[in-house]
Every structure is written in C-alpha cells, then in structure tokens.
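Chains A and B are the protein sequences, given in the same order.
Using the working numbering, you'd call the opening residue of the first sequence number 1 and step up by one each time.
Using the working numbering, you'd call the opening residue of the second sequence number 524 and step up by one each time.
Beta carbons: idealized from backbone N, C-alpha and C, even for Gly.
No experiment lies behind these values; they were computed from the predicted model shown.
The structure appears below as structure tokens.
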Amino acid sequence: MSRRDERAGELGPVELLRWSWRQLTSMRTALLLLLLLAIAAVPGSFIPQRGVDARAVQAYYLDHPKLAPVFERLGLFSVFSSPWFSAVYLLLMVSLIGCIVPRMGVYARALRARPPRAPRRFSRLPASAEFATSASVAEVMAAGRAALGRARIDVVDDGDTGELRAEKGYLRELGNLVFHTCIVVALIGVAVGSLWGYRGNVIVIEGGGFSNTLSQYDEFTSGAMFDPDTDLEPWSLDLDDVLTRFYVEGEQRGAPKLFRATGSYRAGDGEEGRFSIEVNHPLSVGSEDVFLVGQGYAPVIRVTDARGEVVFERAVPFLPQDATYTSTGVVKVPDVDGDQLGFQGFFLPTAFSPGPDEPSISVFPGALNPRIGMNLWVGDLGLDDGVPKSVYSLDTSEMTQVEDGDGNFRVDLGPGESQALPTGGSIEFVELRQFARFQIGHTPVVWLPLAAVALGILGLTASLIVRPRRTWIRARRDGSRTVVEVAALDRVPRDDLPADLDAFLARLRDGLDEQGTPGEDEA
Amino acid sequence: MSTAQMDQLAQISNYLMGSAFVILSIAFMCHVAEWIAARRRTKVAAAVAAGAPQEVTTDHADEPPVADRFVGVAVSLSVLGTILLVGASITRGLATQRAPFGNMYEFGMTGTAIALVVYLVMVWRAKIQWLGGVVLAVCLFILGMSISSYTPAGPLVPALNTFWKYIHVGSIMIAAALFMVGAAASVLYLVKERAEARGQVSPVLDRFPSAARIDQVAFRVNAAGFPMWTFGALISGPIWAHLAWGRYWGWDPKEVWALITWVVYAGYLHARVTAGWKGRRAAWLALAGFVTFIISYYVINLFVSGQHSYA
Ligand code: HEM
C-alpha cells in the first residue's frame, strides 16, 4: 500500500470520496470486479433460472422443499437480475466509465503532443546502436525520416548536430478506448432492448389462429418500460399447416429433418400475405418477429354425454416430452351430466407394444400409429377457484380416479375410434392435427449490442497488434565523418526490439547508400 | 452420394481418427523420451565430470544430442497425426454432408485438428517445439474425451443447421485451439518460473526457453484467442441464437459459461498490466480461463440441460 492509501483515514470527506473514486477506477479493482462477475455468474448455470426455464424451478421446489425457499431469498433462481449480480456489474460499469473518461483526456493531449526529446545516454535504453558515415547530418536526418515510414517525426538540425524524434503506434490506445467504450455501448443496448422489449410464447393448432393481444399468449415476459396493453402491435395469423419431416433410416432415424409452419397473416397496417416459417427463418410482421420454436400433436377429442349430445369437441395439444414425441396432455370437460371430468395421459405418435401386458411406447416421432392413452378423474377441476390453472396439468386433489372392473379405467384410442365411459357417454379420437409453438417478440435496438461488440473487436485487435514505439536518431559531425546514434524504446516491452532495430539500421544505411564502417551494436 | 457410400466414409473417418490417436500418443511418448534422455545425459556428463574432469568438454559435441533427435521424431509424428486427424474431420464432414462439428465428438476431433495445425504453424514460424509435450498431452486428453462421447455420423437437428452455426462454431474452435496452446505454455511457464526462482533448473527444464520467453508466447497466443472468442461467443453465437430461438441471449448454461470464459480471459489481459498480478498470478488466470472453457465444452453438455446440449 502506498503512503497515500494509509493516510486515507485521516482525510476529510472530499478527499475520502476522491480516494474511493481512485480506488474504484484503478486497474486492480477492474480486475477484481471482472473476476467477481465471473464467480457471481456461476450459480446461474447450475441452479434452474426462472427466466430460462420456469418449469425447472417448480420441479426444484418439489425436489428440494427445504433448500428452495433459501435459494429464493438469495435470488438464486434469478441470478442475472438479482441485486448482488447487478451490484457487481454496475460497479464494473462505473469503474469502466471512470476509467475511460480520464484516459480519453490523456489521449487527446497525447495526440497533440510532439515526440519527446532523446534521452542523454542511449546505452541505457533497451536497444541502441552507433555507426559512422560520410553523409552529412542533414542527409542522415532525411534518410532516417524515410526509413521510419509512418510515424510522427520531429527533426532538430543545426548543421553540425541533429536529433530526430519519432513516435508511432497511437492507434493502440485509440483501439483500447474504442474497445472499452464499445462494452459500455453494448450493455446500454442490451439494457434498452430488455427494458422496452417483450417476448411471448404461444401454441397454435392447425386450422386455428392467433391475434397479438396479451390474453392470447401462453407465456409472456416484458421489460419494465413495455406496456402490453398499448404497445403490442395489432396483427394476426391463421395457421394452415405444420409440416414435419424426420429421418426414417440410418443411424439418425427419428432425427428431425424439417419443420415448417405455413398460413396467412394480416399486419396492423392492413398488409396481408402468406407465410412459411421454418427454424432459422422467422416471419417479420411490423417490428415484431415470429419464430417457430417447437411443434407437436393435437388430437381432436370429442366427448358426448349419456344422451349422446356433444359436450366437448376440441383439438387438445399434447406437449412432447422426448425425442420420440411421447407427449403428455390433459382434457378438461367441465360439464357432463353434472359431473366434471378430467382426462390425463399420453399421446404416442408411433405406438409400439414391446410385449403383451407391457405399456406401449413411442418408437418414432412421426405419426405412423398414433394412439392416446389416458386415465379418468371425476370431481372438482378447480376451475372456479379464481386461481388461474394451467391447461396442461390436472389438479387431482379434489378429484377421484375412475375405476373399471379390476383396475383404473383406461382410455386407449386410435384415430376414428371411440370408447364408452363408465360415467356414461363416450370419448372419441376424431382426428389428428399438429400444433406449432411460436415465439413472438420484439427487441428494440437489437443491432446495437452486436454492432458495438463488432466495432469493439476491431478496436481490441488494433490495441493488441499495434506497438507504440519511440525511436531517436542523433547525428554529430566529427571531422569528415558523421557519427550516428540510434535508439528505440517500446512502450509495451517486447523481446524482438533488438532485431527490429537491426532491420531499421539496415534500412537507414541503405538509405544513406554507402558502406560505412560496421556499426557497433551497444544493445 | 448413396447411404452406403456415406457409411463407408464415416467408417474411414473412424479409422483415421483411431490411427491419429495412436500416432499422436507415440509422438507424445517421444517427448517424454526426450525429457528422460535429457536427464540421463546430464547424469552421464556429471559422472564423467566427477571421474575425469578433462573430458567434460568433449561430451557428444559433434553429434546431435539424443534428446534433440527425439524431438525431431516427435514433430514428424505430430505432422503425420495431424494430417490423419484433418483427414478424419474431412471424411466425417463428407459422410454427414455438413461441417464436422455437429456434436461433441466432432467438435473435439475438428477442434484438436485445428489446435495441432496452429501449433505446427508456430513450430514452423517460431520454433516452439519445446511446447510439444504439453500440447500433445492436452490434445490427447481432449481427443480421449471426444471418443468417450462418440456419436455415429448423421445429420443435424434443423435448429443447428445454418450458415451462422458454421461461423459460430468455427470461430469458437479456432479460439479454443489458441487458448489450448496458450494454456500449455502457461503451465510450462509456471513450472519453469518456479524452478528459476529457486535457482534449481533441472536438465529437463533446461531444454525449455527462459520463463520470460515462455510467458511471452503464452501471452501472444492467448491474446490472439481473445478477439476470436469474442467474435464466436458474443457476436456470431447471439446472431445464430436469435435466428434459431428468437432471442440473442437467454442465459442458457452454455451461454453463461462462454461469458465466464470471456470475462476470465479479459481479467488475464488486465492482470498482465497490473502491478502485483503480472507473471504467476496472470498465468493462473489464463489456466482458470481454459478450465472455464473445458467446463462449458464438456461438463455443461453432459450434466446440465439447456438448449445447447446436443444429445
Ligand atoms: C467489462 C469490463 C472490461 C473488459 C471486458 C475489459 C477488457 C480489456 C481487455 C481485453 C484489454 C486488453 C486489450 C487492450 O489492451 O485493449 C483491456 C485493457 C485495458 N483495460 Fe480493460 N476491460 C474492462 C474494464 C476495464 C476497467 C473498469 C478499466 C479501468 C480501471 C480498464 C482499464 C484497462 C486498461 C488501462 C487497459 C490497457 C492496458 C494496457 O496498457 O495494455 N478496463 N481491457
């Protein structure tokens, strides 16, 4: 610790503030904050994050009922918006800005400054040399200028003695400043994008549609400055067809080959058109983008009551659980002869029974032999509690499972088949449709962080490649000869300086165009 | 190309990968032999010196020392192994009709091939064959991990299949190759620096350049890797994620670790100019950076689920 640091305790508030500022913007603090940021990010990759996978957080609550509330209080389920994570990166930002601004001032002055005078003794510098030539001082200076190429050069020449001062490599500090500034700009871009942006998720079934209002989304998150009631652009789409193709042979049998959703859309300004959305090929409507992020099956299910009247007929999305598209889903029928029915179970696109009495599994993601297998509950679906219930899960706490003879009643249907219910009435698998899961969102200035980082890389590269170097040539007339001394100093020390100096000497003497006595390298 | 031809090419790729692994292992053993020879030779010299001091100066003066011949063999074998590995990547690419980095197996194979090419170019340009033993050790380790996660040749899920994916993974791979060579140099630096500080440079360590020179090589390689990593992890990655998933950054575990790697290497570059952090501590940071890369490459893929887990 320097003496100034030790005395900090005795200083008045202004000095203390200044001292703290100096500490905060020091290189060492920047380094420690960087490491702290890296460490702070680690839990966010091992503990499920609400913003990334809300269902995984729920599962964590179930698996670790004691630990989860503690994690919750520490903000570990949303590390990247937690106060402590924000504190680290905000401090880093302040430190960064506090570092950049003064350095810009220093750089601006350095840009206007002339190269410094030569030190008195060249032998103290990391590389120096001396030789004699018959050329005049003025000729040496001119040859030096030519041999240096692009550098800022001052020459002081009074006929008998001359001094050439050169400095190059100003781009290094410029690159460094550009890079650090770009980090700030990129982060501002990210902040703006998330404050004024939104992202939502919706499942649309073939033959169905979507119009861009909050209530239609299955999941929706938006930044603090985004008002979903007024800021969502009015547009809508109708989904005609979901096309899926899987590999049917070879090692990768069952791997997805192509997903495509086609239909028509109508933008807020009245523009209409057809769309064909594929993975990696989103649809842009107005300022918003529609991405295809998933797909699955939605069997159309019809339930009739004891009198044969249809009480439920709808395509029900079953959510895929694995690569074979074994999918889970729920059918809620609120009124069948006064009862509430809940079906819960699986959809298998290509059902295959490994043996008698063994449960079927799905062996291929394409719908080659689609079957639905579900159990049935009766009781209270909990629809009137006022608590919003997910359409994809069945709360059976107020329900009883329906039995049938020797075990639980099981629905087992292929397309076109129907089955009588023990409660009266019947259930039918009318036909199979597919659904598309769209991610819809708008991120303002999405280009800004990218452009900033791209520019930042240019700056960074410049600052890593460019070497700032000072070179001095001193020439003195001695009888009929001129004694020439040359020295160089790197602002960032490197080991190839002596070799570079040799090359420079060779160029210089080439320029003088004569064979003088060999130089004595004093380096 | 027919499926049969593609399967055949995939088979050839597997053979090439296997032979590359064997050849590179032998090359590594040559480096080990180099160190053993260096130690033995000084022992002999010391014995000679103890018995007959006048003979010390004549010690194998006109024939190249055994250790150097081992290095020569090691470098030749490394060239051969690298050619085989490059061949394995190319045939794999032909067999799958896409760039060969669709899963961890291919990533390890192609990444190591690039790393070895980078290393051999540096042997050619900057005479860094002294780094060979350590580079090969790391390469064999990564190849071993890839083989342990072998995936049969096949096409990709559509989300992975785009121009930006190639740009993204390509730049990440080049950066990782540079970080790998840099990490090898940092390990050597730590060992050599410690020996120099104690004044006990063993004959084996004496075969390596000075700690200061090793440090310089480490810095240059890591510094070259950093902009590449920035481009791969923070530009092309987000662009691809935006096209495939509708968001450019989602705090997916793999993204988090890519950022951590970036931040740690930025810390390394800062440490190099911070008094008290130069040298040893900076070298440790470079190694920490490489460890974070291994975590994001291997651990995250295997043990944490996220959108990047290929399996
Ligand atoms: C997000 C935070 C930061 C990142 C990612 C970062 C990254 C880097 C990198 C990669 C370099 C080396 C390349 C170059 O020379 O241009 C560097 C150099 C530098 N950084 Fe930072 N930096 C950060 C924050 C800061 C802060 C807060 C300060 C101020 C205390 C600072 C001051 C410097 C200085 C002075 C150099 C030049 C060192 C030299 O002369 O070689 N940086 N930074």
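- The DSSP-derived three-state label of A/Leu292 is strand.
- Sorting B/Thr605, B/Ser694, B/Pro675, B/Ala611 by C-alpha distance to the C-alpha of B/Val658 places B/Thr605 at the top.
- Residue side-chain check: B/Asn745 keeps its Cβ at 6 Å or more from all non-hydrogen atoms of ligand 1.
- Between A/Thr482 and A/Val140 the beta-carbon gap is near 6 Å, inside 8 Å, which marks them as a contact.
- Taking non-hydrogen atoms of ligand 1 into account, the C-beta of A/Cys182 is found less than 6 Å away from none of them.
- Judged by beta-carbon spacing, A/Ser327 lies within the 7 Å limit of A/Phe347, meaning their Cβ atoms are closer than that value.
- By the rule that beta-carbons nearer than 7 Å mark a contact, B/Pro750 touches chain A.
- Taking CB atoms only, A/Gln439 has a neighbour in chain B less than 7 Å away.
- With the criterion set as a beta carbon lying under 9 Å from some beta carbon of chain A, the members of the stretch 765-778 of chain B are His765, Leu766, Ala767, Trp768, Gly769, Arg770, Tyr771, Trp772, Gly773, Trp774, Asp775, Pro776, Lys777, Glu778, in sequence order.
- For B/Met552, the secondary structure class from DSSP, reduced to helix, strand or coil, is helix.
- The three-state reading of DSSP puts A/Gln49 in coil, since its state is none of H, G, I, E or B.
- Bounds of the alpha helix (DSSP H) holding B/His765 are 760-768.
- Against chain A, a Cβ distance below 9 Å from B/Ile783 picks out Leu37, Ala38, Ile39, Ala41, Val42, Ser45.
- When DSSP states are grouped into helix, strand and coil, A/Gly416 belongs to the coil group.
- Within chain A, the C-beta atoms nearer than 7 Å to that of B/Pro761 come from Leu450, in chain order.
- Using a CB distance cut-off of 7 Å, B/Ile690 does not count as an interface residue toward chain A.
- At least 7 Å separates the beta-carbon of B/Cys553 from that of B/Ala590.
- A contact is defined here as three or more CB-CB pairs under 8 Å, and the stretch 445-458 of chain A fails this definition with respect to the stretch 314-327 of chain A.
- Any Cβ of chain B closer than 7 Å to the Cβ of A/Ile153 would place that residue at the interface, and such an atom is absent.
- DSSP lists A/Ala261 as the beta-bridge partner residues of A/Ile277.
- When Cβ-Cβ separations below 7 Å define contact, B/Val787 makes contact with chain A.
- Of the candidates A/Glu398, A/Asp218, A/Val466, the residue whose Cα lies closest to the Cα of A/Gln340 is A/Glu398.
- Between the C-alpha atoms of A/Ala56 and A/Gly207 there is a straight-line separation of about 31 Å.
- Rounded to the nearest whole angstrom, the CA to CA distance from A/Pro282 to A/Pro48 is 28 Å.
- In the three-state reduction of the DSSP assignment, A/Ala436 falls in the strand class, which pools E and B.
- Under the Cβ criterion of 7 Å, B/Leu757 is counted among the residues facing chain A.
- Residue state for A/Gln340 is assigned as strand, using DSSP reduced to three classes.
- No heavy atom of ligand 1 is found nearer than 6 Å to the CB of A/Ser20.
- When DSSP reads this structure, A/Thr221 sits in a beta bridge with A/Arg199.
- Annotation: A/Pro65 to A/Glu72 spans about 11 Å, alpha carbon to alpha carbon.
- Here A/Ile183 is actually not in contact with B/Phe754; their C-beta atoms are around 15 Å apart, not less than 8 Å.
- Given a length threshold of 4 residues, each whole run of the alpha helix (DSSP H) inside the stretch 694-735 of chain B is given here in chain order: 726-729.
- If you look at A/Gln58, you'll find it isn't in any beta strand (DSSP E); it sits in the alpha helix (DSSP H) that goes 54-63.
- Taking a C-beta distance under 7 Å as the contact criterion, B/Thr614 and B/Ile670 do not qualify as a contact pair.
- Sequence-distant partners of B/Ser672 (beyond 5 residues in either direction) whose C-beta falls short of 7 Å from its own C-beta, in its chain, are Met627, Tyr628.
- The criterion of a C-beta distance shorter than 7 Å is not satisfied by B/Tyr538 and B/Ala622.
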